[in-house]
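Novice: Structure in structure tokens, see below.
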Amino acid sequence: MKKLLFILSPLLLFGYTVDFEKSLEKTVEMNKGLKAKKLSIKQSSEDLNIANGYDYGSLVFNENISKTNHAGYVFGMKTASREAKMKDFGFTAIPPSGTLVGDIAPEALNNPESRTNYETKITYSVPLFTGFKLENAKKMAKLQLLAQEAKYNFDEKALGLEVLKAYNGAVAAKEFIKATSKAKEATSSFVEFAHELFNEGLVTSIDVKQAKVYDMGVDASMIESKNRYDLAMSYLRFLTSDKHITDVAEFKNIDNKITNVQQLQQKAHENREDFSWMKYNTQTLKAKIELENSEFYPTIGVQIEYGYNDNQLNNINSEHDYYMGAIALSYNLFDGFISSSKKEKAKIEYKKIKYYYEYMKDGIKLEVEKNILTLDAKQKILNQKIKANNLSDEVLEQSQELYKNHLINMSNLLLQQANQQKANAEMILAKYEKSLAAGRLKVSLGESLK
């Protein structure tokens, strides 16, 4: 007993009951899948920052240190730092009489001593015109950020439907357990009463055995109902990321105002974030056509550089500085029709996603209509199941009186007990299915279950 209490103590200390609203709130706040999807929004935001960043250009600092005895490099380094002297050209002596200057090999120029050179520079590069490539890249990044935000909002609402399944599934399982417990009380009383009648010689042992067999079947139903409850609770704890939830409150009923079907379909097109996600993706691929078209324009960029060269690290000296400004123009005259093919491919991608967009639009209309019809049918079924359950209760009560008065046998009584259990189970299932149909309709209209 002490060991059992020790095992259960964490549940007794931390376990608690939740309603649907609390379950949904916890899921939105803690669900790891949603957290991962939220990071996709952040990724798209950084993509937009990258696209915007190209407008500012780049400022780069470089410190290059090199050591060489390469004749060309050494001479270039000396001239870059304004240190070149006449002797570096080899003019160290007067040529012998009769010797042409052009025939003399300047030793100092051809075989210089090795030199260590320190080059310090800062370079600023900025694009002036990219054929509208940057503008379209920023446009695409903005659209993808909107697409990811829309996708996240839709996934959050869709996850709400999963919470409804788990939560109302657990409530339904609890109702099954209550109904089975009630049936257990009844069948146990049947066994006891059949024993009494058998002892009095009013019934045969068959009645007792039939009652016992049915009672064992109810025990099996109880095990199944508890298993359903445990599974639903496990799923709910998984969705909410809260392992301490041990119980659920009452059924969550979703209210729907069904007016004109066409108006609801239009409302779905306006509210559905997954439809917005598809719209933004369609616009993104349209912008990609213009992005690929930028290859047919020239690109113009500017670079400004300022730096120092010296044979020592402390080279920040105006006597050794230099500057350079450059404007570069690049125009692709021919690339083997690659740019044309890329543009054509972008057009095909855009046409393809437009078909998917229209297909999704029609699919949403069908989904809304289907969910309206399903909800209407589930509500009617629930009404009938409630009536059938009430009637089965009356029939069972009357059958018990008939059996006590020896007007029916145990088989007939157990048949009515089975009918009552079936009617009760079907009513509970109808409640669950109606609530789920209402939830599906609400989400298909782009509404939240909050």
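Residue numbers for the sequence shown follow my numbering, beginning at 713 and rising by one.
Every residue, glycine too, gets a C-beta built ideally from N, C-alpha and C.
Which two residues bound the contiguous beta strand (DSSP E) that contains glycine 929?
Specialist: Residue 929 sits at position 217 when you count from the first residue of the sequence shown. That residue, glycine 929, is in no beta strand (DSSP E); its alpha helix (DSSP H) goes 917-952.
Novice: Is it the case that the Cβ atoms of aspartate 927 and alanine 906 are separated by a distance below 7 Å?
Specialist: Counting from 1 along the sequence shown, the entry for residue 927 is found at position 215. Counting from 1 along the sequence shown, the entry for residue 906 is found at position 194. No, Cβ-Cβ distance for aspartate 927 and alanine 906 is not below 7 Å.
Novice: Output the distance between the C-alpha atoms of threonine 729 and glutamine 974, rounded to the nearest integer angstrom.
Specialist: Against the sequence shown, residue 729 aligns to sequence position 17. Against the sequence shown, residue 974 aligns to sequence position 262. For threonine 729 and glutamine 974, the distance between alpha carbons rounds to 41 Å.
Novice: Closest to aspartate 959 by C-alpha separation, out of Ala885, Ser1006, Thr899 and Glu1007, would be which residue?
Specialist: Your numbering for residue 959 matches position 247 in the sequence shown. For the residues Ala885, Ser1006, Thr899 and Glu1007, the minimum Cα distance to aspartate 959 belongs to Ala885.
Novice: Just checking my contact of phenylalanine 902 with leucine 1125 at CB under 8 Å: how many whole Å lie between their CB atoms?
Specialist: As a position in the sequence shown, residue 902 is number 190, starting the count at 1. As a position in the sequence shown, residue 1125 is number 413, starting the count at 1. At roughly 7 Å, the Cβ-Cβ gap stays under 8 Å, so phenylalanine 902 and leucine 1125 are in contact.
Novice: Measure the C-alpha to C-alpha separation of leucine 943 and histidine 956 and round it to an integer number of angstroms.
Specialist: Working through the sequence shown from its first residue, we reach residue 943 at position 231. Working through the sequence shown from its first residue, we reach residue 956 at position 244. Those two C-alpha atoms are separated by around 15 Å.
Novice: Would you check if the distance between the CB atom of isoleucine 1012 and the CB atom of leucine 840 is smaller than 7 Å?
Specialist: As a position in the sequence shown, residue 1012 is number 300, starting the count at 1. As a position in the sequence shown, residue 840 is number 128, starting the count at 1. Cβ atoms of isoleucine 1012 and leucine 840: closer than 7 Å.
Novice: Quick one, are the C-beta atoms of alanine 792 and tryptophan 989 less than 7 Å apart?
Specialist: Here residue 792 refers to the residue found at position 80 of the sequence shown. Here residue 989 refers to the residue found at position 277 of the sequence shown. For alanine 792 and tryptophan 989, no; Cβs fall outside 7 Å.
Novice: Note down the Cα distance separating alanine 1137 from phenylalanine 987, rounded to an integer number of angstroms.
Specialist: Position 425 of the sequence shown, counted from the start, is the residue given in the question as residue 1137. Position 275 of the sequence shown, counted from the start, is the residue given in the question as residue 987. Computed Cα separation, rounded: 38 Å.
Novice: If contacts are defined as beta-carbon pairs under 8 Å, then phenylalanine 773 and isoleucine 834 qualify, I think. What distance do you get, rounded to the angstrom?
Specialist: Along the sequence shown, one-based indexing puts residue 773 at 61. Along the sequence shown, one-based indexing puts residue 834 at 122. Yes, they are in contact, since the Cβ atoms of phenylalanine 773 and isoleucine 834 sit about 5 Å apart, within 8 Å.
Novice: For a test of the three-state rule: what should DSSP assign to asparagine 1015, helix, strand or coil?
Specialist: Locating residue 1015 in the sequence shown gives position 303, where the first residue counts as 1. It is worth fixing the name first, because residue 1015 is glutamine in this sequence and not asparagine. Strand.
Novice: State the DSSP-derived secondary structure class of glutamate 795, mapped to helix, strand or coil.
Specialist: Here residue 795 refers to the residue found at position 83 of the sequence shown. It is coil, neither helix nor strand.
Novice: If we require 3 or more residues per run, which beta strand (DSSP E) segments fall completely within the stretch 952-1037?
Specialist: Within the stretch 952-1037, the complete beta strand (DSSP E) runs of at least 3 residues are 957-960 and 1011-1022.
Novice: Just verifying my parser: in three-state terms, what is the DSSP assignment at asparagine 1095?
Specialist: Taking the first residue of the sequence shown as 1, we reach residue 1095 at position 383. Asparagine 1095 falls in the helix class under three-state DSSP.
Novice: Can you pull the DSSP bridge partners for isoleucine 777?
Specialist: As a working note, residue 777 is residue 65 in the sequence shown. According to DSSP, which records beta bridges pairwise, isoleucine 777 is partnered with Tyr830.
Novice: Report buried or exposed for threonine 899, applying the criterion of at least 16 other Cβ atoms within 10 angstroms of its Cβ.
Specialist: As a working mapping, residue 899 is identified with position 187 in the sequence shown. With 16 or more Cβ atoms within 10 Å of its Cβ, threonine 899 is classed as buried.
Novice: Within the continuous beta strand (DSSP E) that includes tyrosine 728, where are the two ends?
Specialist: As a position in the sequence shown, residue 728 is number 16, starting the count at 1. Taken as a continuous stretch (DSSP letters only), the beta strand (DSSP E) holding tyrosine 728 covers 728-730.
Novice: Grab me the residues of isoleucine 1065's own chain with a C-beta within less than 7 Å of its C-beta, minus the 5 sequence neighbours each way, in chain order.
Specialist: In the sequence shown, counting from the first residue as 1, residue 1065 sits at position 353. Here the set comprises Asn993, Thr994 and Leu997.
Novice: Need the endpoints of the alpha helix (DSSP H) that aspartate 867 sits in, please.
Specialist: In the sequence shown, counting from the first residue as 1, residue 867 sits at position 155. Taken as a continuous stretch (DSSP letters only), the alpha helix (DSSP H) holding aspartate 867 covers 845-911.
Novice: Once DSSP output is grouped into helix, strand and coil, what is the label at tyrosine 836?
Specialist: As a first step, residue 836 must be located in the sequence shown, where it is residue number 124. Strand at tyrosine 836.
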